[in-house]
Structure formats: structure tokens, C-alpha cells
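K.L.:
First the structure, which I've put down as C-alpha cells, then a few questions once you've had a look.
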Ligand SMILES: NC(=O)c1ccc[n+]([C@@H]2O[C@H](COP(=O)([O-])OP(=O)(O)OC[C@H]3O[C@@H](n4cnc5c(N)ncnc54)[C@H](OP(=O)(O)O)[C@@H]3O)[C@@H](O)[C@H]2O)c1
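Residue numbers (my numbering): 5 to 332.
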């Protein structure tokens, strides 16, 4: 049998990809084979599709850090043909062939059953970005964030940001969305933002170690000077969940917010989350999800279009979540 994939190859220093028909014998040696129905496009996929950051070491390679579909064969007792499963993280799509493919072979330990409340498409509309947003929200709540507190979300129009607005809004938090595209304000309010601010307010290096207290919590997809700035504006005992680096991977700050306001800087890693954490986070997502709002932040694209969308996501020009239909 054969399957269809977006296969990435390298020549000299450039990577290039194309839709390719491959024989099943090329699949990696996992213990569960899936018919992949949907994947999604995350910022990291954009980097991989453009060969940025040396995330992939072996070519040819099938990218796609997310996948959801139906089990075809399994030698693991936990899974049987017909089961609906999803996979995010574990460096799949980086060091293992990923979800931009109509078939995948993976390790059973990496799989999560798709919650019964969700379709496989909805699971990928959430995907790594939405999973990360919910991980961040859970971490902030565990550190004292309660409904009604001002919660800042940076990178608001993107995958992590828009998912964070959706989940935090549904949980009753007072969400303040920071965006470089104020023209998206109505959509961000529709998802659950109570206020929208221009990201220029937060993007400069802070001029003092402490500024006026504004935020009880922050879900930050931007990093760099924005994260440094936000730390100086945190309320006493407030927490920042650091998720991303689209504004830079450096962090020039002082220890003053930690010492004088007891601010917490919480690291969020979705890739190596434990099976127990995954089950808890997906359970919370399924419990709160509003299908209409999820649909509003989702764009579906065919597999053949992922390369074009990679340019857009790296340029900060996509909105919400991009679901990849692996059957087209
Ligand atoms: N820790 C983890 O496990 C984990 C998981 C998933 C993602 N991430 C990281 O989280 C970040 C966001 O991922 P994503 O999938 O949400 O990406 P995305 O869809 O591209 O969203 C990023 C958003 O940030 C804003 N932005 C873009 N460039 C910016 C800049 N130079 N300065 C300030 N804001 C900028 C844009 O929103 P506006 O136009 O509204 O400002 C953009 O839509 C990435 O760094 C990704 O690697 C980490």
C-alpha cells in the first residue's frame, strides 16, 4: 500500500518540500499505524518547513508536529483498529515522521484518545497551540489566578493567543488581548477578550525594574522585550506563563519583580508533557470547549498548501489556528 505525504528534503543548505506518494515500507518503526485525518500548522512547523533552527537532522522528512485520526493497526494492547487518537509533541514532526501525511506509524505511548466530545478536526483545531494555552491557564490557576483577575494574553491573534483567549474567557477570566493587529479587535472580543490593547504598549524594553501593577496573570507567546516589560507590570504574587518566542528568545530583566512583588515566571513545555498531564489538560479542554467559537478561530487548508502557510505564520500574518486536511 502507499500513502500521500508532504515530504521535505534538503539540498545544500535549503529545504524544499512536495506532495509525494510513498510506499508503506518507508514508515518509521512504531507500534501503532494511523490513518491521519487532520494535522495542524504551528509556528514550529513553519520553522521546520523553512529549515530554520536545525530542528530536523535527518532528511527526507515528513513534518507536522500534530496529528489526529483513526487507528488502522496496533500491536499495543491499549489501541485497536477504529480508535480515534491524537498526538502532539514528543518531537514527532522533528525527529520522527509527523502528521503532514495520510498515514503515520508512531509509538503507542505518545497517543491520547480523542475526547468523546471532540471530532478529530476539532482536536486539531486545538492542537499543540491550544494544548499549550490550556497548560498555561492551568499553571496560572494553580498559582492563584481566579476568575475576574486581569489576565494578559500576548500574541493574541495567533494560535496560542487566540486559544488562550477562548479558554480563559470561557473560564470567566478578565482577558486583555495584546495584538499588533488592532483591526482584529472585534474577532478577539468575539472569542472572549474583555479588552484589546496595542502590543506597542508592551514591546519596548522596560525603563524601570517596576512599573504600575496591571496584570494578575499573563499567557505570553512573544518572549523577548515584551516578556521583560510584562514582568515589570505584574501585580504582587502574579504569574507569567512563558510559552513562546516570536518576539525573541532573549530575556533581559532584573530580579526585582521576583523579590519585591513575589512574581512567578512559569515555564510551559507542551512537547514533553507527561501522559497524566495530557489527560488532565485534554479533559479540561473537552469540558469547556465552545464548538462555535473554536470554529470561528479555525481555517482549514489542504495538505498541498502548508508550505505557503509556513511563510505566513513566520511573518505573523496568520490568524487563529490552521487545520490541515490530510485527505486532500
Ligand atoms: N512552549 C511550548 O510548548 C509551545 C507550544 C506551542 C507554541 N509555542 C511557541 O509559542 C509561540 C506562538 O506560537 P503560535 O503557534 O501561536 O504562533 P502564531 O500563530 O504565529 O502566533 C504568534 C502571534 O504573535 C504575534 N507576533 C508575531 N510576531 C511578533 C513579534 N515580532 N512581536 C510581537 N508579537 C508578534 C502575532 O499576533 P498579533 O498580530 O495579534 O500581535 C502572531 O499571530 C511560538 O514561539 C511557538 O514556538 C510554544
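Positions of the beta carbon are idealized from the N, C-alpha and C atoms, including for glycine.
Go ahead and label residue 83 buried or exposed: buried means 16 or more other beta carbons lie within 10 angstroms of its beta carbon, across all protein chains shown.
P.N.:
buried
K.L.:
Examine ligand 1 and report whether any of its heavy atoms sits within less than 6 angstroms of the Cβ of residue 83.
P.N.:
no
K.L.:
Quick one: what's got a C-beta closer than 8 angstroms to residue 86's C-beta in the same chain, skipping five residues either side?
P.N.:
74 and 75
K.L.:
Should residue 271 go down as buried or exposed, given a rule of 16 or more other Cβ atoms within 10 Å for buried?
P.N.:
exposed
K.L.:
Beta carbon of residue 274, beta carbon of residue 136: below 7 angstroms?
P.N.:
yes
K.L.:
Between the stretch 154-164 and the stretch 61-80, are three or more C-beta pairs nearer than 8 angstroms?
P.N.:
no
K.L.:
Should residue 313 be listed as close to ligand 1, given that the test is whether its C-beta is under 6 angstroms from any heavy atom?
P.N.:
Residue 313: no, Cβ never under 6 angstroms from ligand 1.
K.L.:
Do the stretch 53-65 and the stretch 121-138 touch if we need at least three Cβ pairs shorter than 8 angstroms?
P.N.:
Taking a cut-off of 8 angstroms on C-beta distances, the stretch 53-65 does not touch the stretch 121-138, as fewer than three cross pairs fall below it.
K.L.:
Ligand 1 and residue 247: does any heavy atom of the ligand fall closer than 6 angstroms to the residue's C-beta?
P.N.:
yes
K.L.:
Using only the heavy atoms of ligand 1, determine whether one of them is closer than 6 angstroms to the beta carbon of residue 113.
P.N.:
no
K.L.:
What residue range does the alpha helix (DSSP H) around residue 20 cover?
P.N.:
First-last for residue 20: 18-27, but that is the beta strand (DSSP E), not the alpha helix (DSSP H).
K.L.:
Using a Cβ-based criterion (distance less than 6 angstroms to any ligand heavy atom), does residue 164 qualify as near ligand 1?
P.N.:
It does: the Cβ of residue 164 is within 6 angstroms (strictly closer) of some heavy atom of ligand 1.
K.L.:
Quick one: Cα of residue 245 to Cα of residue 126, how far?
P.N.:
24 angstroms
K.L.:
Is residue 157 near ligand 1, going by C-beta to nearest heavy atom under 6 angstroms?
P.N.:
no
K.L.:
Check for me: the alpha helix (DSSP H) holding residue 139 runs from which residue to which?
P.N.:
124-146
K.L.:
With DSSP collapsed to three states, give me the class of residue 9.
P.N.:
strand
K.L.:
Any heavy atom of ligand 1 within a distance shorter than 6 angstroms of the CB on residue 92?
P.N.:
no
K.L.:
Relative to the C-alpha of residue 146, which candidate in 203, 182 and 220 has its C-alpha closest?
P.N.:
220
K.L.:
Which residues in the same chain have their Cβ closer than 6 angstroms to the Cβ of residue 52, if we skip the five residues on either side of it in sequence?
P.N.:
59, 60 and 67
K.L.:
Taking the alpha-carbon positions, what's the residue 40 to residue 247 distance?
P.N.:
Rounded to whole angstroms, residue 40 to residue 247 spans 27 angstroms at the Cα level.
K.L.:
Would you call the CB atoms of residue 236 and residue 263 closer than 7 angstroms?
P.N.:
no
K.L.:
For residue 258, which of helix, strand or coil comes out of DSSP?
P.N.:
coil
K.L.:
Which full runs of the beta strand (DSSP E) of 3+ residues lie inside the stretch 29-75, going along the chain?
P.N.:
36-45
K.L.:
If we count the other Cβ atoms within 10 Å of its Cβ and call it buried at 16 or more, is residue 238 buried or exposed?
P.N.:
buried
K.L.:
If you draw a straight line from the alpha carbon of residue 25 to that of residue 31, how long is it in whole angstroms?
P.N.:
12 angstroms
K.L.:
Does ligand 1 have even one heavy atom less than 6 angstroms from the beta-carbon of residue 273?
P.N.:
yes
K.L.:
With H, G and I counted as helix, E and B as strand and the rest as coil, what does DSSP make of residue 82?
P.N.:
coil
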